[in-house]
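So the protein sequences, as listed, match chains U and B. Numbering of the first sequence is given in this note's numbering, commencing with residue 4 and proceeding in unit increments. Numbering of the second sequence is given in this note's numbering, commencing with residue 226 and proceeding in unit increments. Inspection log for the structure reproduced underneath, given as structure tokens.
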Amino acid sequence: MTNLTATVADPAASDAPVIAYPTPLLRIDGVTKAFGAHSAVDNLSLDIKAGEFFALLGPSGCGKTTLLRMLAGFEAPDTGKIELNGEDIAAVLPHQRPVNMMFQNYALFPHLNVRDNIGFGLKSAGLTRLGIDTRVAEMVALVKLQGLEKRRPDQLSGGQKQRVALARALARHPQLLLLDEPLAALDKKLREETQVELMALQRQLGTTFVIVTHDQEEAMTMADRIGVMHGGRLQQVATPRQLYEAPASRWIAEFVGDINIIEGGITHRDGHRLTIAGRDVGTLFAIEPRHPVGDAVICVAIRPEKIRLSRRGPATGLVNSGAMNSLEGVISDVGYLGGRSLYKVKLDRGATLRVALANTARLDVDAYSIGERVAAWFAPDDCVVLVQ
Amino acid sequence: MSARRIFTAPARLAAIPPYVWMMLFFLVPFGFVLKISLSQTAIAQPPYLPVFGLSEGIAGLKASLAALSLDNFRLLVSDNLYLASYLRSVLVAVVSTLILLAVGYPIAYGMARLPRRWQGIAMMLVIVPFWTSFLIRIYAWINILQHDGLLNKVLLALHIVSTPVVWLSTDSAMYLGIVYSYLPFMILPLYATLAKQDPSLIEAAADLGVSRIDAFWLVTVPLSWRGVGAGALLCFIPIMGEFVIPDLLAGSNSLMIGQTLWLEFFTNKDWPVASATAIVLLGLLLIPLLVYDRLQRRQLEVR
């Protein structure tokens, strides 16, 4: 099977950290799963390496949860293989897999206290009474729940429940931990704290984590690699940086983060340097991606924070030589977001660009106001050229 | 604050009708029965003494009050007939409830695991027998179980037995009738708790290395405790006082307390002893109710 990681690379992303792992712990090979006429997972292949923190990212209904449930053993693939340590586990029942799952709603046993919830799977793991007590104490300490051992789930806060669920899933020392939207039920602040804790925990234990999330920030923050799923297929597997700076398709570019998309066609080619006629924009300079786009209708994608604004524009020499793109227009909207401001620039040619500028000074003497004429400029390097 | 007051006043008013209902249809009749149980039987209309009345003034009322006694309750304790009836009622109710639980739990469990759209149909099937009169259904059982009834005909035709088996007027027939009649009362509360259970709990148990059978005993059963309690109470209490089913299907050599009560009331015309019997039965039935309440309270306290 082709390794999807290799299919996307771009000069802009070449400095992204490449993490080297030994042989894959998990190999998903051509897996398909259909419910009725709808195929939830469609001929999907993916390798996950031991010790990796891998995120499956996608909108709801993209098949990511189905894939996770197949890894846990709750669903069987229609076709394809799932190998763990080189062994096909498709036929292995969930309770016999060295895989544990943290459920989205935590699925804590309401009739058992924290201690018994965490220790639930240890008897069947062959531990003695003493062994169970030791392991539970270890896990309680690991997730910092000391003193709450006797509480029942309904006496715990959301964050505490989340920790119990995590401790319970880790107690059996799984080779692979599956996390189904583990932070979805927490409020924003707690979610951010927990993200950091989860990452530290994963590094400390060295357990392979596969997390399912629809929250791209969560995936970007925590994961070593992200697999973007859409319509039951993996659209791109890449490091967070690659995913953001070198999206493999227009769909991914628009799904991950904020972006301006300019449709157009290539009018001139000089080595890697492309001259593009952008719709409602005018002439643009960009760099040909590693996989040439040919003469197809393309689009140029540019992140709002890669665009700069100024009242006078860059030096005309830079623009004329094709070393800088400069587009003139009028500020049509200003959104103050604290750390940065989001400007909308209505270009003279018709298109509207979104531009994000960091608010580096406290006083707004130099801020742009609505109606002001500006030049929006950005380097050809910062444009991502995508096939339509 | 004021908004709260507006909403509380009608809420408090709404709580009154149940109390009025209980006063009129439980406490007042209970007072009559209690009073009769403390009276003496008499050949009169009504068939007991004393009769409270204001015709002889306050002095007469005082005399009537003094004439009340616990004699009937002493009789209940001293005569083995009553004790035997009470014990048989408890035994029949316990055994029936256990059989009902053993039969009802798998049915309720199966219903709760059906696809959603089938669950409503299954529920209908459980309730449908109520559309036919209870008495008619018991008479139908007599028809099936009698000497030349359907059951014996089938058994003979299949050569399972060579001579007709005596079914009717046995304890087996009575238990069959009781289990048949009370099964919906066991299934419905069990189904209600089992259907509410989060299926991801069973998945979590499987994920943690516990087999399906162990997960059933470790997760499903403890979490259905409330349904088991409610179903058992709904069956146990009326079975304790059951009269019709043992009278029609069981033999006549031993009586349940409901039958004894009937005899005292209608055959012996001894209203006071019948009333005392009923009061003691009520007292006995309070025990399981209190136990259930206690357990439920403890459950709540832990929360």
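Cβ coordinates follow ideal geometry from the N, Cα and C atoms, glycine included.
Using C-beta distances below 7 Å, list every residue in its chain close to residue i, excluding the 5 sequence neighbours before and after it, in chain order.
{"i": "Y24 (chain U)", "result": "In this prediction, Y24 (chain U) scores a pLDDT of 47, lower than 50, which makes its location untrustworthy; no coordinate-derived value is stated."}
{"i": "F461 (chain B)", "result": "A318, T322 and P513"}
{"i": "P272 (chain B)", "result": "T266, K494 and W496"}
{"i": "A337 (chain B)", "result": "Y416, L419 and A420"}
{"i": "A289 (chain U)", "result": "L277, I279, V303, P383, C386 and V388"}
For residue i, write down the residues that DSSP places opposite it in a beta bridge.
{"i": "P513 (chain B)", "result": "Note: P513 (chain B) sits in no beta bridge, so no partner."}
{"i": "A241 (chain U)", "result": "U:I229"}
{"i": "E331 (chain U)", "result": "U:A378"}
{"i": "G66 (chain U)", "result": "In the DSSP output, where bridge partners are listed per residue, G66 (chain U) has none listed."}
{"i": "I361 (chain B)", "result": "The partner list for I361 (chain B) (beta bridge, DSSP) is empty, contrary to what the question assumes."}
{"i": "D91 (chain U)", "result": "U:E86"}
{"i": "R343 (chain U)", "result": "U:A361"}
{"i": "E266 (chain U)", "result": "U:C302"}
{"i": "A326 (chain U)", "result": "Bridge partners of A326 (chain U): none, in fact."}
{"i": "K52 (chain U)", "result": "U:P27"}
{"i": "G353 (chain U)", "result": "Looking at the DSSP assignment, G353 (chain U) forms no beta bridge with any residue, so it has no partner."}
Would you check whether the ligand MN has a heavy atom nearer than 8 Å to the C-beta of residue i?
{"i": "R72 (chain U)", "result": "What this structure holds is no ligand at all, so the ligand MN is not there to describe."}
Pick helix, strand or coil for residue i, following the three-state DSSP scheme.
{"i": "M225 (chain U)", "result": "helix"}
{"i": "W392 (chain B)", "result": "coil"}
{"i": "C460 (chain B)", "result": "helix"}
{"i": "E535 (chain B)", "result": "This structure leaves residue 535 (chain B) out entirely; chain B is present only between 226 and 528."}
{"i": "M104 (chain U)", "result": "strand"}
{"i": "V276 (chain B)", "result": "coil"}
{"i": "A43 (chain U)", "result": "strand"}
{"i": "V337 (chain U)", "result": "strand"}
{"i": "E281 (chain B)", "result": "coil"}
{"i": "L290 (chain B)", "result": "helix"}
{"i": "P27 (chain U)", "result": "strand"}
{"i": "V259 (chain U)", "result": "coil"}
{"i": "G494 (chain B)", "result": "The displayed chain sequence assigns Lys, not Gly, to residue 494 (chain B). Looking at K494 (chain B) - three-state DSSP - the assignment turns out to be coil, as it is neither helix nor strand."}
{"i": "E86 (chain U)", "result": "strand"}
{"i": "Q344 (chain B)", "result": "helix"}
{"i": "G454 (chain B)", "result": "helix"}
{"i": "F355 (chain B)", "result": "helix"}
{"i": "A58 (chain U)", "result": "strand"}
{"i": "R404 (chain U)", "result": "Past the boundaries of the shown model lies residue 404 (chain U); chain U is included only from 4 to 391, so the question cannot be answered."}
Output yes if chain U places a C-beta closer than 9 Å to the C-beta of residue i; else output no.
{"i": "V444 (chain B)", "result": "yes"}
{"i": "P447 (chain B)", "result": "yes"}
{"i": "L529 (chain B)", "result": "Because residue 529 (chain B) is not part of the residues shown, which for chain B are 226 to 528, the question remains open."}
{"i": "S500 (chain B)", "result": "no"}
{"i": "W450 (chain B)", "result": "yes"}
{"i": "L426 (chain B)", "result": "yes"}
Within 9 Å of any Cβ in chain B, is that where the Cβ of residue i sits?
{"i": "R132 (chain U)", "result": "no"}
{"i": "Q165 (chain U)", "result": "no"}
{"i": "N103 (chain U)", "result": "yes"}
{"i": "R2 (chain U)", "result": "Nothing about residue 2 (chain U) can be reported from this structure: the residues present for chain U run from 4 to 391 only."}
{"i": "F212 (chain U)", "result": "no"}
{"i": "D385 (chain U)", "result": "no"}
{"i": "P97 (chain U)", "result": "yes"}
{"i": "R138 (chain U)", "result": "no"}
{"i": "R175 (chain U)", "result": "yes"}
{"i": "L111 (chain U)", "result": "yes"}
{"i": "S372 (chain U)", "result": "no"}
{"i": "R171 (chain U)", "result": "yes"}
If you compare alpha carbons, which of the options is closest to residue i?
{"i": "P292 (chain U)", "options": "U:T286, U:C302 and U:G285", "result": "U:C302"}
{"i": "V117 (chain U)", "options": "U:L330, U:V95 and U:A140", "result": "U:A140"}
{"i": "M232 (chain U)", "options": "U:M225, U:T224, U:R244 and U:P250", "result": "U:P250"}
{"i": "M104 (chain U)", "options": "B:M336, B:L326, B:E428 and B:G256", "result": "B:E428"}
{"i": "A431 (chain B)", "options": "U:P97, U:L201, U:I290 and U:V167", "result": "U:P97"}
{"i": "P416 (chain U)", "options": "U:L60, U:E78, U:L87 and U:P295", "result": "Lying outside 4 to 391, the shown extent of chain U, residue 416 (chain U) is not represented and no answer is given."}
{"i": "N46 (chain U)", "options": "U:G39, U:K192 and U:T35", "result": "U:T35"}
{"i": "R311 (chain U)", "options": "U:T216, U:M327 and U:E220", "result": "U:M327"}
{"i": "K347 (chain U)", "options": "U:R357, U:L186 and U:V44", "result": "U:R357"}
{"i": "E152 (chain U)", "options": "U:I85, U:L321 and U:V167", "result": "U:V167"}
{"i": "G402 (chain B)", "options": "B:L360, B:V276 and B:L252", "result": "B:L360"}
{"i": "E90 (chain U)", "options": "U:P101, U:T68 and U:T82", "result": "U:P101"}
{"i": "A40 (chain U)", "options": "U:D81, U:R315 and U:P62", "result": "U:D81"}
{"i": "L426 (chain B)", "options": "B:P414, B:W442, B:L413 and B:M411", "result": "B:W442"}
{"i": "R175 (chain U)", "options": "B:V435, B:H384, B:Q270 and B:L252", "result": "B:V435"}
{"i": "M225 (chain U)", "options": "U:Q198, U:D218 and U:T242", "result": "U:Q198"}
{"i": "N84 (chain U)", "options": "U:G134, U:T68, U:G33 and U:L49", "result": "It is Lys, not Asn, that sits at residue 84 (chain U) in the sequence shown. Of the candidates U:G134, U:T68, U:G33 and U:L49, the one whose C-alpha sits nearest the C-alpha of K84 (chain U) is U:G33."}
Between which residues of its own chain and residue i is the CB-CB distance below 8 Å, once the five residues before and five after are set aside?
{"i": "R362 (chain B)", "result": "P354, Y405 and S406"}
Excluding five sequence neighbours on each side, which residues of the same chain lie with their C-beta closer than 6 Å to the C-beta of residue i?
{"i": "P185 (chain U)", "result": "M105"}
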